[in-house]
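Asker: For what it's worth, the numbering used here labels the leading residue of the sequence shown as 3, then goes sequentially. Take this structure first; my questions come after.
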Amino acid sequence: MPIEPVGKSGEPKDPYTIRSTHHAHHSPPSSQRLGSASSGASIQGEECYIDMGEFYGHNISSCMDWSTTPPHIKASSLQQGFLGNLFTQLKSAGVNQINLSFAQIADINNLLLDSQGHGPTPPYSSNDSFGQIFHPDGTTSPYAICDDSGSQVSSNFLSYLTNYAHDQNPPIQVSLSMGGLNANLQDLTPQKGAATDLASFMKNTGIDSVDFDMENQGLDETTIDNKLMPFFSDLHTQLASMSKTSTLTLTGGAMNSSSPLYPLLNNFTKNFDGLNLMLYSDSVYYLNTASNNVWPGIENAIKTIGGDASKLHIGFFPNVAYENPSANGDGASYKINPGSSRGQAAAQMYQQLCQQLQTDGYLKPGQSLGEPFFWVQTPGDPASSQVMQDFYNTLKGISKTPWG
3 MPIEPVGKSG EPKDPYTIRS THHAHHSPPS SQRLGSASSG ASIQGEECYI
53 DMGEFYGHNI SSCMDWSTTP PHIKASSLQQ GFLGNLFTQL KSAGVNQINL
103 SFAQIADINN LLLDSQGHGP TPPYSSNDSF GQIFHPDGTT SPYAICDDSG
153 SQVSSNFLSY LTNYAHDQNP PIQVSLSMGG LNANLQDLTP QKGAATDLAS
203 FMKNTGIDSV DFDMENQGLD ETTIDNKLMP FFSDLHTQLA SMSKTSTLTL
253 TGGAMNSSSP LYPLLNNFTK NFDGLNLMLY SDSVYYLNTA SNNVWPGIEN
303 AIKTIGGDAS KLHIGFFPNV AYENPSANGD GASYKINPGS SRGQAAAQMY
353 QQLCQQLQTD GYLKPGQSLG EPFFWVQTPG DPASSQVMQD FYNTLKGISK
403 TPWG
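Below, the structure written as structure tokens:
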């Protein structure tokens with residue numbers, strides 16, 4: 003059963019959701035992510051978030067061979083069908099990482115490989131797409147991927163997808179994105195040993211990194227201190243030993259010291275390798291560098307995570323009218339060239355933001371912010387969002403209306 007997208011406030015319902023469909027739009031601030039940007043906001047690559055419930059659940063039946071016992075997935079159908087088409091699009095857009103978005107941290111113990119190498123053990127949440135992959139129709143084993151002769155080439159779709167991504171030229175990295183609006187308090191309190199289990203799961207499947215989208219599901223400081231922080235710290239240490247990474251995703255409002263999620267930022271570098279900030283609501287952006295009465299601002303965010311601007315990733319949303327000054331939600335002031343498209347305007351803002359950070363000493367010459375990211379709503383084609391393309395091309399300096 004595919005994950006049922008939340009679809010709140012105009013959120014996307016397509017399989018290539020840029021960040022999970024389970025984000026909520028907060029005010030103030032949830033993604034194709036673009037590559038590293040320097041003070042001149044140059045772009046080196048992109049990242050694309052894929053909602054696995056939609057992507058797998060809506061496409062896999064076309065690649066099944068039901069004539070065998072048990073049924074299996076045909077590798078040739080994957081390569082010639084939706085998986086091959088996806089990677090053609092990703093490479094044409096310069097994507098260098100895909101982030102596989104799952105609905106929730108979702109009782110991690112039910113997600114992970116057991117001692118026999120099987121997938122997560124039922125029962126699992128009805129909106130948990132790990133279960134779809136590893137226990138299709140409630141079975142104990144995943145569908146294997148086989149070549150045309152029937153020989154197995156991979157034991158499960160997730161491992162096959164990861165290897166397929168790594169085999170691209172150049173290789174594409176694979177990350178898990180977990181959490182979001184659908185994750186409840188129980189989902190967000192991992193059991194003892196979950197960090198070791200998740201690290202082992204990532205090692206066994208070849209996953210390169212993991213991202214945790216933390217929204218306010220009734221979390222309190224005690225739960226964060228006693229459950230989450232030890233989990234994040236232990237996981238970060240284990241992943242670092244395997245050259246893998248973990249990141250945290252928050253809304254801008256979580257940067258306020260009064261936010262129940264603010265304790266997640268304590269000892270940030272001990273627990274995470276990067277912070278993704280969702281700096282928009284449904285129709286408003288929040289791109290101020292300095293503190294104001296809405297949220298503490300980008301410069302304070304950099305200080306909060308230890309001063310390394312390269313660990314901060316700023317998010318954009320195509321529904322926000324960046325070309326319209328009235329879409330400003332926090333008093334930030336940016337010069338937009340007349341006639342600019344929405345993506346071009348967003349890129350011009352980002353360029354000026356980077357320049358301001360350099361002027362204020364938060365970016366050294368040649369230093370980069372982390373990759374900016376977009377939440378794109380283009381059904382079936384993550385490379386076709388005109389807003390994202392205009393943003394990307396403007397930062398590369400090849401837009402029809404270049405930044406002047």
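Ideal Cβ positions, reconstructed from N, Cα and C, are used throughout, including at glycine.
By the DSSP assignment, the beta strand (DSSP E) with Gly276 in it spans what residues?
Answerer: Unbroken beta strand (DSSP E) run through Gly276: 276 to 280.
Asker: Roughly how many angstroms lie between the CA atoms of Leu371 and Asp310, to the nearest whole one?
Answerer: Roughly 9 Å between the two C-alpha positions.
Asker: Go through its chain and collect everything with a Cβ distance to Thr306's Cβ below 6 Å, but skip five positions before and after it.
Answerer: Around Thr306: Leu267.
Asker: To the nearest angstrom, how far is it from the Cα of Asp392 to the Cα of Asn171?
Answerer: Taking the straight line joining both Cα atoms gives about 25 Å.
Asker: How should Trp68 be labelled, buried or exposed, when 16 other C-beta atoms within 10 angstroms of its C-beta is the threshold for buried?
Answerer: By the neighbour-count rule (16 or more Cβ atoms within 10 Å), Trp68 is not buried but exposed.
Asker: If we ignore side chains and look at the alpha-carbon of each, how far apart do Glu373 and Gly331 end up?
Answerer: Computed Cα separation, rounded: 22 Å.
Asker: Give the secondary structure of Ser64 by DSSP, where H, G and I count as helix, E and B as strand, and everything else as coil.
Answerer: Ser64: helix per DSSP, three-state reduction.
Asker: Would you check if the region 327 to 341 and the region 281 to 294 touch, i.e. whether three or more CB-CB distances between them fall below 8 Å?
Answerer: The region 281 to 294 vs the region 327 to 341: in contact.
Asker: Exposed or buried, which one is Gln354 when buried takes at least 16 other CB atoms within 10 Å?
Answerer: So Gln354 ends up on the buried side.
Asker: Count the other CB atoms within 10 Å of the CB of Thr70; is the residue buried (16 or more) or exposed (fewer)?
Answerer: Classification for Thr70: exposed.
Asker: Going by beta carbon distance, what residues of the same chain come within less than 7 Å of Cys65, once the five residues before and after it are set aside?
Answerer: Result list for Cys65: Ile75, Lys76, Ser79, Leu80, Gly83, in chain order.
Asker: According to DSSP, simplified to helix, strand and coil, what is Gly86?
Answerer: Note: Gly86 maps to helix in three-state DSSP.
Asker: Alpha carbon to alpha carbon, how far is Asn228 from Thr380? Give it in angstroms, no decimals.
Answerer: Caution is warranted here: a pLDDT of 49 is assigned to Thr380, below 50, making its placement in the model unreliable, and the coordinate value is therefore given only provisionally. Straight-line Cα distance between these residues: approximately 40 Å.
Asker: Give a yes or no on contact between the region 88 to 96 and the region 155 to 175, applying the rule of three or more CB pairs nearer than 8 Å.
Answerer: The answer is yes - the region 155 to 175 touches the region 88 to 96, with three or more Cβ pairs under 8 Å.
Asker: Between Thr271 and chain B, is there a C-beta pair that is closer than 7 Å?
Answerer: No chain B is present in this structure, which holds just one protein chain.
Asker: Compute the Euclidean distance between the alpha carbons of Thr247 and Ser151, then round it to the nearest angstrom.
Answerer: Rounded to the nearest angstrom, the two C-alpha atoms are 38 Å apart.
Asker: If distances are taken between C-alpha atoms only, which option among Gly345, Gly308, Lys313, Gly317 comes closest to Asn326?
Answerer: For the residues Gly345, Gly308, Lys313, Gly317, the minimum Cα distance to Asn326 belongs to Gly345.
Asker: Jot down the residue ranges of each uninterrupted alpha helix (DSSP H) in the region 309 to 382, minimum 4 residues, whole runs only, in chain order.
Answerer: List check, alpha helix (DSSP H) in window: 344 to 361.
Asker: Phe270: which of Gly317, Asp236, Glu217, Lys337 sits nearest, CA to CA?
Answerer: That would be Asp236, whose Cα lies nearest to the Cα of Phe270.
Asker: Compute the beta-carbon to beta-carbon distance between Ala348 and Phe318, rounded to the nearest angstrom, for a pair I have assumed lies under 8 Å.
Answerer: Their Cβ separation, rounded to whole angstroms, is 5 Å, which keeps Ala348 and Phe318 in contact under 8 Å.
Asker: Report the three-state DSSP secondary structure of Gly181 (helix, strand or coil).
Answerer: DSSP places Gly181 in strand when its eight states are reduced to three.
Asker: Tell me whether the beta-carbon of Glu49 lies closer than 7 Å to the beta-carbon of Gln99.
Answerer: Closer than 7 Å, so yes.
Asker: Is Leu178 near Leu230, with beta carbons less than 7 Å apart?
Answerer: No, the pair does not count as a contact, with Cβ atoms beyond the cut-off.
Asker: Unbroken alpha helix (DSSP H) runs of length 4 or more, entirely within the region 224 to 304: which are they?
Answerer: Correct list: 231 to 242, 270 to 273.
Asker: CB Ile226 to CB Pro192, shorter than 7 Å?
Answerer: Contact flag unset, no.
Asker: Is the distance from the Cβ of Ala303 to the Cβ of Leu241 below 7 Å?
Answerer: No; because the gap between Cβ atoms is not below 7 Å, this pair is not in contact.
Asker: Are Asn158 and Pro144 touching if we call contact CB-CB under 7 Å?
Answerer: Result yes, Cβ atoms of Asn158 and Pro144 sit closer than 7 Å.
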